[in-house]
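Trainee: Start counting the sequence shown at 11; every next residue gets the next number (the UniProt record's numbering).
By construction, the Cβ of each residue, glycine as well, lies at the ideal position given by its N, Cα and C atoms.
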Amino acid sequence: TSSSQHAILDGLNDAQRRAVTSDAPTVAILAGPGSGKTHTLTARVVWLMDHDGLRPQDVLVVTFTVKAAREMKERIARTLADGRDKKLILGTFHSIARRYLAAYGRHIGLSQSFGIADDADSRAIIARICKRMQTGLDPAFARNWISKKKARGAGASGARRGGAAGDRSLEDLETCYAEYQKHLETSHLLDYDDLLVRCVELLRKFPACVSNIGAVLVDEYQDTNAIQYDLMTLLAQRRRRITIVGDPDQSIYGWRSADIRNLERLLRDYPGTDCVALERNYRSSKSILAMSLEVIKQDEKRYKKSLKPIHAKGCRPVLRRLKNPSTEADWIVAELRRVLLLSGSMLTHNDVAILLRSASLSRHIESALGRAGITYRMVGGFKFYERAEIKTVIDYLRVIHQPENNDALARIINTPRRGVGDTTVRNLLEEAETASLSVWAVLTKHCQGLRTAKTKITKQAEQKISGTLLRPLNDIRAKMGQASGPEPAPLGLVRMIERLLATLGFRKHLEETHPLDHEQRWANVQEFLGLAADFERDLDRSPDDDALPEIEGLAQAKEADVLQRFLANVSLAADAQTAGDDQQSKPLVTISTIHAAKGLEWPIVFIPAVYAGSIPHARSEDDDEERRLLYVAMTRAQSLLYLSYPVSGSNGERTQVSPFIDPIKHYFHDKGPCLDRPVMAEVSEILRRALPPDEEIYKELPDMFSPEDNLFPVNPDEAQDADGQSRWREHGPSAKRPRLQGPSNAGQIR
Ligand code: ATP
Ligand code: MG
């Protein structure tokens, strides 16, 4: 153990070390971007096991994204190298809540096979309810209202919300909420908010579920909401030992009820909390950090904290004005190609991210990259799982898992075509509702010849439904369940999906319905199969990775159902995975929303569309949050940062540079570090940062700025870390070549 303790403390600075080894029950690490918060949290996890003797299964770590969870696990695995990492309870609030509910949910009356309604499902259900209510209630508003209410921990008839909604519409909202909840319950579905709400309920009633938990650690604490706070304290109720890390300046989820007051609450509820500040930025060049701070400083209400770069000045960020979004996209692509070319093999497409305020901005960028033959991955809000063909396959899986999922069934009943019209589907839904049966049960009755007068399904369609829907799905379900006996081994996940696709004639269906792009769609389906294969492989490798420790006197359900776990994984990572999310595959440029880029870093970052109306977004009411969003985006960059905006926006309207950039726009390069500058200088700065500081080459590189260029005076002492020798070095496979460490991609949420 002593060697891993050593390794874990070795590269840390004093403040980080103090945070890692603090004896206080509650520790709050509050610090700016790139100061090693996540890094320190990871080290503390190891410390608690090695030094305080906690068993891994008694340590619970909450990350903000699925991707971040995976990365943290990998890092811990490398440090420990004894498999203990596998037993840690590590994930997002949502995935952790799901695990507890899967294990103990029946103690609070949950169905063993509950499914998860993702964002798209909730939206669809609420839209249908609003339509049926015929009161002109806006579904998007209703959904937001319901979600906010759940997040605040209030039931269907809880606290009133003043303001926008008058009494009349408040009544409508309550009705909509009640209907929605009823629908979820009858379909055995939990939406994202329910996962948290029900888990809170579980842990209140059965504290024994978490009686083993010796420490709870939470990353990105500034973006937790009230219900997550409750969940956190309940998870930690036994030992009241909590470590949180966060940065109020990076709070960007207020629109989703994240509540920065959770910080004061923590300090109040846990007196004696040890607060640690980290003040060194290890991520960005001095000039990138300086510009970012200029942006965040405009918020006068913010709590000020110190953040000093350890790196040299580097290249000044670029602010570029272009004619329109399409020339902007072309410029970005040209610039990134140029820089990569000049860097030789030092940088690859993996080192570049294009961060967007909203997903809708990606169109021009995607086509420009496409024209240049550059492959990319999309992260956050781009919804691989919401592509029609993928959604259909998922819906089939959901129906196999839960025949009573009427929503999913209604969507696939006529895909591929079975001669069932919309009216028939509506009739079926109605019939099911009156008979308190699921649509599946009603269909089964029909096909057994027990027709009712009301549903006008033709005989022909009936046969088709029976032959191509009911029978094959029942068949597959039976085969999956088979555990042992004389029958062949149960059908694995991938083979099951393959069989499903074959039975449905899915490829042919795509050819017929999408003559123009069926190939791309089929490729997407193949990729989905690849994800399923990954999932299955991970499961085989560590079958009880997901099991919670046994608690005496509290029965725990074993999650045997691979399909259920796969579907939960799909729903909770809805935004996380896209094309080639895989370390081994070829390097890809990342296109991400700013929200999904939280916590990550890249050597080269482009932020297009920095104009008023885009950031701050025209529809946003909170300018401060928009400013923080830009700050988060800028502080993702390590070496090169490019901001740009088109003179005329996507609708041809004239634009102004973002008010957050306007006051400091003169500090930027305006033409780009391009033709008129020795570009190699910038690249060598990247080289410089990629090499350990004690290398000879580090000293020999020319200084890049002339004195008058020096906007942010450098104190030579600051340019290097005081303990400059202890630059962090990666251990493990990624340390092969001296290249900047940057995550290959990002994931998002839940
Ligand atoms: P954010 O607020 O954006 O989430 P953070 O505070 O969590 O940032 P990290 O991602 O943990 O910061 O660290 C930023 C970078 O600095 C990472 O590449 C990390 O490996 C590196 N780093 C952190 N601490 C040290 C250190 N003591 N020595 C060298 N590098 C470090
Ligand atoms: Mg972090």
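For the ligand ATP, is there any heavy atom lying closer than 7 Å to the beta carbon of G324?
Mentor: For the purposes of this step, residue 324 is taken as residue 314 along the sequence shown, with counting starting at 1. G324 Cβ: outside cutoff for every heavy atom of the ligand ATP.
Trainee: Going by other Cβ atoms of all chains shown within 10 Å of its Cβ, with 16 needed for buried, is G44 buried or exposed?
Mentor: Taking the first residue of the sequence shown as position 1, residue 44 is located at position 34. Buried, by the Cβ-count rule.
Trainee: Could you please give me the residues that DSSP links to V667 through a beta bridge?
Mentor: As a working note, residue 667 is residue 657 in the sequence shown. Answer is Y621, bridged to V667.
Trainee: What are the start and end residues of each continuous alpha helix (DSSP H) run of 4 or more residues lying completely inside the stretch 270 to 320, in chain order?
Mentor: 272 to 279, 296 to 306
Trainee: Across the stretch 60 to 80 and the stretch 527 to 539, are there enough close Cβ pairs to call them in contact, namely three or more that are closer than 8 Å?
Mentor: no
Trainee: Give the DSSP-derived three-state secondary structure of G101 in the structure shown.
Mentor: Position 91 of the sequence shown, counted from the start, is the residue given in the question as residue 101. In the structure shown, G101 sits in a strand (DSSP, three-state: E or B).
Trainee: Would you tell me roughly how many angstroms separate the C-alpha atoms of R737 and K318, rounded to the nearest one?
Mentor: Sequence index remark: in the sequence shown, residue 737 carries index 727 (1-based). Sequence index remark: in the sequence shown, residue 318 carries index 308 (1-based). Caution is warranted here: a pLDDT of 25 is assigned to R737, below 50, making its placement in the model unreliable, and no coordinate value can be reported.
Trainee: Just to confirm, does G609 get its C-beta within under 7 Å of one of the non-hydrogen atoms of the ligand MG?
Mentor: Counted from its first residue, the sequence shown places residue 609 at position 599. Yes, the ligand MG has a heavy atom inside 7 Å of this Cβ.
Trainee: Rounding to the nearest angstrom, what Cα-Cα distance links L98 and I400 in this structure?
Mentor: Translated into the one-based positions of the sequence shown, residue 98 becomes position 88. Translated into the one-based positions of the sequence shown, residue 400 becomes position 390. Cα to Cα, L98 sits roughly 32 Å from I400.
Trainee: Report the three-state DSSP secondary structure of T253 (helix, strand or coil).
Mentor: Numbered from its first residue, the sequence shown carries residue 253 at position 243. Looking at T253 - three-state DSSP - the assignment turns out to be strand.
Trainee: Would you kindly work out how many angstroms separate the C-alpha atoms of residue 798 and L350, rounded to a whole number?
Mentor: The question about residue 798 has no answer, for the chain in this structure spans 11 to 760.
Trainee: Bridge partners of H627, per DSSP?
Mentor: As a first step, residue 627 must be located in the sequence shown, where it is residue number 617. G623, per the DSSP bridge assignment.
Trainee: Is there contact between the stretch 267 to 279 and the stretch 296 to 306, where contact requires at least three CB pairs shorter than 8 Å?
Mentor: no
Trainee: Looking at the secondary structure, which residues open and close the beta strand (DSSP E) in which L651 lies?
Mentor: One-based indexing of the sequence shown puts residue 651 at position 641. Per DSSP, L651 belongs to the beta strand (DSSP E) from 647 to 656.
Trainee: For the stretch 184 to 215, which segments carrying the beta strand (DSSP E) assignment without a break, of at least 3 residues, lie completely within its bounds, in sequence order?
Mentor: DSSP runs (the beta strand (DSSP E)) wholly in the stretch 184 to 215: 199 to 201.
Trainee: For the alpha helix (DSSP H) holding Y406, just list the boundary residues, first then last.
Mentor: For this step, residue 406 is matched to residue 396 along the sequence shown. Element bounds for Y406: 398 to 411.
Trainee: Counting only runs that start and end within the stretch 416 to 463, where is the alpha helix (DSSP H) found for 4 or more residues in a row?
Mentor: Complete alpha helix (DSSP H) runs here, min 4: 416 to 422, 432 to 444, 449 to 457.
Trainee: Can you say whether L526 is buried or exposed, counting buried as having 16 or more other CB atoms within 10 angstroms of its CB?
Mentor: For the purposes of this step, residue 526 is taken as residue 516 along the sequence shown, with counting starting at 1. With fewer than 16 other CB atoms across the displayed protein chains lying within 10 angstroms of its CB, L526 is exposed.
Trainee: Could you pull the start and end residues of the beta strand (DSSP E) that T36 belongs to?
Mentor: Looking up residue 36 in the sequence shown gives position 26. Start and end: 36 to 41.
Trainee: Which term fits C285, buried or exposed, when burial requires 16 or more other beta carbons within 10 angstroms of its beta carbon?
Mentor: Taking the first residue of the sequence shown as position 1, residue 285 is located at position 275. Burial call: exposed.
Trainee: Starting from Y677, trace the beta strand (DSSP E) both ways and give me its first and last residue.
Mentor: Taking the sequence shown and counting its residues from 1, the one referred to as residue 677 is at position 667. Premise fails: Y677 is in no beta strand (DSSP E) and is neither H nor E.
Trainee: CB-CB under 7 Å to K474, same chain, minus the five flanking residues each way: which ones, in chain order?
Mentor: Translated into positions along the sequence shown, residue 474 becomes position 464. Hits under 7 Å: R428, G429.
Trainee: Rounding to the nearest angstrom, what Cα-Cα distance links L483 and S448 in this structure?
Mentor: As a first step, residue 483 must be located in the sequence shown, where it is residue number 473. As a first step, residue 448 must be located in the sequence shown, where it is residue number 438. Approximately 16 Å between the Cα atoms of the pair.
Trainee: In the structure shown, what three-state DSSP assignment does N222 receive?
Mentor: As a working mapping, residue 222 is identified with position 212 in the sequence shown. Coil.
Trainee: Let me know the secondary structure DSSP gives residue 767 once reduced to three states.
Mentor: Here the chain has residues from 11 to 760 only, and residue 767 is not among them.
Trainee: In three-state terms, what does DSSP make of M388?
Mentor: For the purposes of this step, residue 388 is taken as residue 378 along the sequence shown, with counting starting at 1. Three-state result, M388: strand.
Trainee: Could you check what DSSP says for G125 in three-state terms: helix, strand or coil?
Mentor: Within the sequence shown, numbered from 1, the residue matching residue 125 stands at position 115. If DSSP states are grouped into helix, strand and coil, G125 belongs with the strands.
Trainee: Flag T73 as yes when its Cβ comes closer than 7 Å to any non-hydrogen atom of the ligand MG, and as no otherwise.
Mentor: On the sequence shown, position 63 is the one that residue 73 refers to. For T73, the shortest separation between its Cβ and any heavy atom of the ligand MG does not lie below 7 Å.
Trainee: Skipping 5 residues on each side, what residues in its chain have a beta carbon closer than 7 Å to that of T52?
Mentor: Within the sequence shown, numbered from 1, the residue matching residue 52 stands at position 42. Same-chain partners within the cutoff: M82, R85, I86.
Trainee: Which residues mark the beginning and the end of the alpha helix (DSSP H) in which S372 is found?
Mentor: The residue given as residue 372 occupies position 362 in the sequence shown. Looking at the DSSP string, the run of the alpha helix (DSSP H) that includes S372 is 372 to 381.
Trainee: In this structure, how does DSSP classify R330 when only helix, strand and coil are distinguished?
Mentor: Sequence index remark: in the sequence shown, residue 330 carries index 320 (1-based). Note: R330 maps to strand in three-state DSSP.
Trainee: Comparing C-alpha positions only, which one of T50, D548, D33 sits nearest to R290?
Mentor: As a working mapping, residue 290 is identified with position 280 in the sequence shown. Checked all of T50, D548, D33; the closest Cα to R290 is T50.
Trainee: Taking the alpha-carbon of K96 as reference, which of P559, T478, A150, G459 has the nearest alpha-carbon?
Mentor: Residue 96 sits at position 86 when you count from the first residue of the sequence shown. For K96, the nearest C-alpha among the options comes from P559.
Trainee: Please classify L147: does DSSP put it in a helix, a strand, or coil?
Mentor: Numbered from its first residue, the sequence shown carries residue 147 at position 137. Assigned with DSSP and collapsed to three states, L147 falls in coil, not helix or strand.
Trainee: Can we say the stretch 568 to 582 touches the stretch 311 to 330, given the rule of at least three CB pairs closer than 8 Å?
Mentor: no
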